[in-house]
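Chains as they are written, first to last, in my numbering: chain A, 1 to 289; chain B, 290 to 726. For every residue, glycine included, the Cβ atom is placed at its ideal position computed from N, Cα and C. One structure is given here, and the rest of the page talks about it.
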Amino acid sequence: MLIDILITSLINGSTYALLAIGFSLIFGVARIVNIAHTAFYMVAAYCIYFTTYRLGFNPLSAMITGIVFVSILGLIVYKIFIAPIREHEQAVLIGTIALAIALQEIMMLIFTGDYLSVPALIKGYATILGVKVFYQQLITFASVLVVLGLMRLFLMHTKLGLAIRATAQDREVANLMGMNESRVAMMAVVISVGLAGATGAIIVPLTTVEPFMWSHPLIMMMAVVVLGGMGSIKGSFYAAFILGFAEAMVVFLIPSGAFLKGAVALSIMILVLVVRPTGLFGVQFEEEG
Amino acid sequence: MKKVRLLLVAGLVGMLALTIGVPAWGADTIKIGVIGPMQFVQGKGHWNGAIMAEEEINAKGGVKVGKKMMKIELVKADSNEFLNVTDATNAMELLMTRDKVDFVVGGFRTEAVLAMQDIAMEYQKIFIGCGAAHPELCTRVAQDYDTYKYFFRGTPFNSAFLVRTSFLHLKFVGDILKKELGLEKVKVAVVAEKAMWADPMVAATEGFLPKIGMESVGVWRPSPVATDVTAELSAIQRAGAQMIFTIFSSSVGIPFARQGGELKIPAVQVGINVEGQKDGFWEATQGMGEYILTMNTYCRGVEYNELTAPFVETYYKRFGETPTYTADTYSAIKAIVATIEETGSLDADELVKAMEVSERKVASGIVKYMKDEQGRHLHDLTWGPGYLTSLAIQWIDGKPVGVWPNKWVAAPGAPEITYKGIQDYKIPPWVIQAYKK
Numbered sequence: 001m002l003i004d005i006l007i008t009s010l011i012n013g014s015t016y017a018l019l020a021i022g023f024s025l026i027f028g029v030a031r032i033v034n035i036a037h038t039a040f041y042m043v044a045a046y047c048i049y050f051t052t053y054r055l056g057f058n059p060l061s062a063m064i065t066g067i068v069f070v071s072i073l074g075l076i077v078y079k080i081f082i083a084p085i086r087e088h089e090q091a092v093l094i095g096t097i098a099l100a101i102a103l104q105e106i107m108m109l110i111f112t113g114d115y116l117s118v119p120a121l122i123k124g125y126a127t128i129l130g131v132k133v134f135y136q137q138l139i140t141f142a143s144v145l146v147v148l149g150l151m152r153l154f155l156m157h158t159k160l161g162l163a164i165r166a167t168a169q170d171r172e173v174a175n176l177m178g179m180n181e182s183r184v185a186m187m188a189v190v191i192s193v194g195l196a197g198a199t200g201a202i203i204v205p206l207t208t209v210e211p212f213m214w215s216h217p218l219i220m221m222m223a224v225v226v227l228g229g230m231g232s233i234k235g236s237f238y239a240a241f242i243l244g245f246a247e248a249m250v251v252f253l254i255p256s257g258a259f260l261k262g263a264v265a266l267s268i269m270i271l272v273l274v275v276r277p278t279g280l281f282g283v284q285f286e287e288e289g
Numbered sequence: 290m291k292k293v294r295l296l297l298v299a300g301l302v303g304m305l306a307l308t309i310g311v312p313a314w315g316a317d318t319i320k321i322g323v324i325g326p327m328q329f330v331q332g333k334g335h336w337n338g339a340i341m342a343e344e345e346i347n348a349k350g351g352v353k354v355g356k357k358m359m360k361i362e363l364v365k366a367d368s369n370e371f372l373n374v375t376d377a378t379n380a381m382e383l384l385m386t387r388d389k390v391d392f393v394v395g396g397f398r399t400e401a402v403l404a405m406q407d408i409a410m411e412y413q414k415i416f417i418g419c420g421a422a423h424p425e426l427c428t429r430v431a432q433d434y435d436t437y438k439y440f441f442r443g444t445p446f447n448s449a450f451l452v453r454t455s456f457l458h459l460k461f462v463g464d465i466l467k468k469e470l471g472l473e474k475v476k477v478a479v480v481a482e483k484a485m486w487a488d489p490m491v492a493a494t495e496g497f498l499p500k501i502g503m504e505s506v507g508v509w510r511p512s513p514v515a516t517d518v519t520a521e522l523s524a525i526q527r528a529g530a531q532m533i534f535t536i537f538s539s540s541v542g543i544p545f546a547r548q549g550g551e552l553k554i555p556a557v558q559v560g561i562n563v564e565g566q567k568d569g570f571w572e573a574t575q576g577m578g579e580y581i582l583t584m585n586t587y588c589r590g591v592e593y594n595e596l597t598a599p600f601v602e603t604y605y606k607r608f609g610e611t612p613t614y615t616a617d618t619y620s621a622i623k624a625i626v627a628t629i630e631e632t633g634s635l636d637a638d639e640l641v642k643a644m645e646v647s648e649r650k651v652a653s654g655i656v657k658y659m660k661d662e663q664g665r666h667l668h669d670l671t672w673g674p675g676y677l678t679s680l681a682i683q684w685i686d687g688k689p690v691g692v693w694p695n696k697w698v699a700a701p702g703a704p705e706i707t708y709k710g711i712q713d714y715k716i717p718p719w720v721i722q723a724y725k726k
């Protein structure tokens, strides 16, 4: 059973990690709490469904189209909707909630509330130490590692990455040093929303496409980000696997309480916060990093 | 000049008030409100069934009320009840006050229908529920007849009978597994979404399984909206289950069937999976929902009586899909119309009395309203052979196939029941491979 729990934790955790990394990035750089982050993931899922079944795209082209579409949508939304109110954090918070609901309603109008699905990139499953794991889940796990690696390369070895890190540390000083803080924030938003789209593209074959598919991942993603430390990508990565492990434990050890898996994960988050209010890798880590 | 203007304004206001605020006295139409979650399959079923009934009735000239012929006019109301019960009560209130409907059919979620029921009763309008299964809706009729007598259950039969029917399906498949695979005692995993309606079913299952020679290996209660159940499926496989008794009315039915089929979990899925009742299930599960069995009301090719095929096939031609049980608004409207024509009246009290004693053949069997043990009117549907039994369908090659009742003997000495078009149940090949001795 331990093997089952460990493998399930890694799979669950990688989904949450993919979502949380993008969310952390945008918060760390632009201090934007984008509640609509998972709504972009939902839009990407619908985009993939639409291009696959209505336009006849192959799964890979559909995924790429979905990511590009959502990134452009994120850019437009940022320019028109978020940028003018960016300095007012509460307004951004409430505004992005409204945006998420608006996107949900638009999808509902176009596609109705029917449950839809899209095919996996690679169908079937592998048996690892006696546990059946979908190939798509293995792709998700690998994607987390690849995304993290690319993020590290990008942040540490590119000019824009340097600007993003500088802005994350101190916006005003970065501005004084000649960095266009607003442009950096915009790029961070595009990358973040693109990551949400990528997450949607990778995970959508494992889930059901419907207008409310953004709300549950949102709660778990927020929990991961808060547990890991707001704005810390490394923290999000660890926290995702901790919560994934908690969920797997509940399902295997208390089967009749499987519905509590989310609640248990959130309780762990609260417990950690009581002991360490900044999360596992909060402000201190960011300042050191 | 000022006086003339004042009179003009007063006249216009008066006309407006008459137009929107006063019922159409002596109107030639009977207004029927169709209420349901119109953005979802359930609401679409409500509306489509009602449209079919309206078209058929009006094509024949309408409804004969005494000596007068009246047309049917439908009023669509989106209850949005999956998301917000208040939206449902507002929609019902509007049907009563703004649209001034004469009858209402529809409703789906018990929580919403209970609230909508109160509003319809307040206005003394006949409301035929076509979606919610909770017994409370009809218990209210027995307990407070004067208030709730205008409510009737149209579909499905109440949850106590749903439990009984799904246990029959469980035993039916369990017997096949024992016979075909040589299993002595079938191991069953009970998987029920965490919802109020499923709680009594789970409790009853624990007591029922040993009585039919089956053994429970555990109960799993995923969230109704879970999108990933691979952990649950792995745990069920580890527990050695050969059957999975599913109790799902929400979206979790899709990932459970899809992931169970894709992972080839060696256990057959039997029970209630509302998502599996819809034509879109095959696409939603990417074809991985093959072999799952679920209770259902209609299946193309299966006939309860001579009314079934014309209803199902006309519906299919008109809307491109098999009717789900909420499309029984068709039968509900037909029943209202038949009662109006029999009594020659539109008076709700008169119609209630006539409906209580009627026994009407519909596309899914025979509708007869029950009384409780104390002889009080329940306005609930009678279940059982000769009345309403529903079907079990199994997904085979991308299509739902009727598999139950198949030589069903309801009581010792009773005749076998097999509806026309029923086929044999098929065990998934990977389950045969796992257990065949």
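Against chain B, does residue i count as a neighbour if the rule is that its beta carbon must be under 9 Å from one of theirs?
| i | result |
| --- | --- |
| residue 141 of chain A | no |
| residue 133 of chain A | yes |
| residue 12 of chain A | yes |
| residue 216 of chain A | yes |
| residue 166 of chain A | no |
| residue 212 of chain A | yes |
Which of the three DSSP states, helix, strand or coil, is assigned to residue i?
| i | result |
| --- | --- |
| residue 325 of chain B | strand |
| residue 238 of chain B | This structure leaves residue 238 of chain B out entirely; chain B is present only between 290 and 726. |
| residue 705 of chain B | strand |
| residue 448 of chain B | helix |
| residue 505 of chain B | strand |
| residue 12 of chain A | helix |
| residue 572 of chain B | helix |
| residue 547 of chain B | helix |
| residue 78 of chain A | helix |
| residue 125 of chain A | strand |
| residue 397 of chain B | coil |
| residue 312 of chain B | Because the pLDDT at residue 312 of chain B is just 45, under 50, the model does not fix this residue reliably, and the point stays unresolved. |
| residue 4 of chain A | helix |
So which of the options has the shortest CA-CA distance to residue i?
| i | options | result |
| --- | --- | --- |
| residue 54 of chain A | A:87, A:111, A:144, A:32 | A:111 |
| residue 494 of chain B | B:679, B:652, B:678, B:505 | B:505 |
| residue 443 of chain B | B:400, B:466, B:395, B:451 | B:395 |
| residue 477 of chain B | B:355, B:546, B:370, B:509 | B:509 |
| residue 624 of chain B | B:686, B:645, B:577, B:337 | B:645 |
| residue 699 of chain B | B:657, B:463, B:526, B:456 | B:456 |
| residue 565 of chain B | B:382, B:536, B:657 | B:536 |
| residue 448 of chain B | B:430, B:436, B:424 | B:424 |
| residue 283 of chain B | B:360, B:349, B:553 | Any property of residue 283 of chain B remains undetermined from this structure, which presents chain B solely from 290 to 726. |
| residue 246 of chain B | B:414, B:482, B:560, B:369 | Examination of residue 246 of chain B is not possible in this model, given that chain B is present from 290 through 726 alone. |
| residue 580 of chain B | B:345, B:479, B:716 | B:716 |
Quick check on residue i: buried or exposed, where buried means 16 or more other Cβ atoms within 10 Å of its Cβ?
| i | result |
| --- | --- |
| residue 517 of chain B | buried |
| residue 3 of chain A | exposed |
| residue 373 of chain B | exposed |
| residue 154 of chain A | exposed |
| residue 173 of chain A | exposed |
| residue 35 of chain A | buried |
| residue 286 of chain A | At residue 286 of chain A, the pLDDT of 43 sits below 50, so the modelled position is not reliable; the number obtained from the coordinates is stated separately. The residue is buried, with at least 16 neighbouring Cβ atoms inside 10 Å. |
| residue 19 of chain A | buried |
| residue 43 of chain A | buried |
| residue 146 of chain A | exposed |
| residue 704 of chain B | exposed |
Nearest chain A C-beta to residue i closer than 9 Å, yes or no?
| i | result |
| --- | --- |
| residue 472 of chain B | no |
| residue 736 of chain B | Chain B is shown only over 290 to 726; residue 736 of chain B falls outside these bounds and no answer can be derived. |
| residue 476 of chain B | no |
| residue 498 of chain B | no |
| residue 326 of chain B | yes |
| residue 522 of chain B | yes |
| residue 547 of chain B | yes |
| residue 554 of chain B | yes |
| residue 724 of chain B | no |
What does residue i reach in chain C if we use C-beta pairs closer than 7 Å?
| i | result |
| --- | --- |
| residue 323 of chain B | No chain C is present in this structure, whose protein chains are A and B. |
Run through the region 603-689 of chain B for me and flag every whole alpha helix (DSSP H) of 4 or more residues, listed as ranges in chain order. Qualifying alpha helix (DSSP H) stretches, in chain order: 618-632, 637-646.
Alpha helix (DSSP H) runs wholly inside the region 211-279 of chain A, at least 4 long, in chain order: Taking only runs of at least 4 residues, the alpha helix (DSSP H) segments lying wholly in the region 211-279 of chain A are 215-228, 233-253, 261-275.
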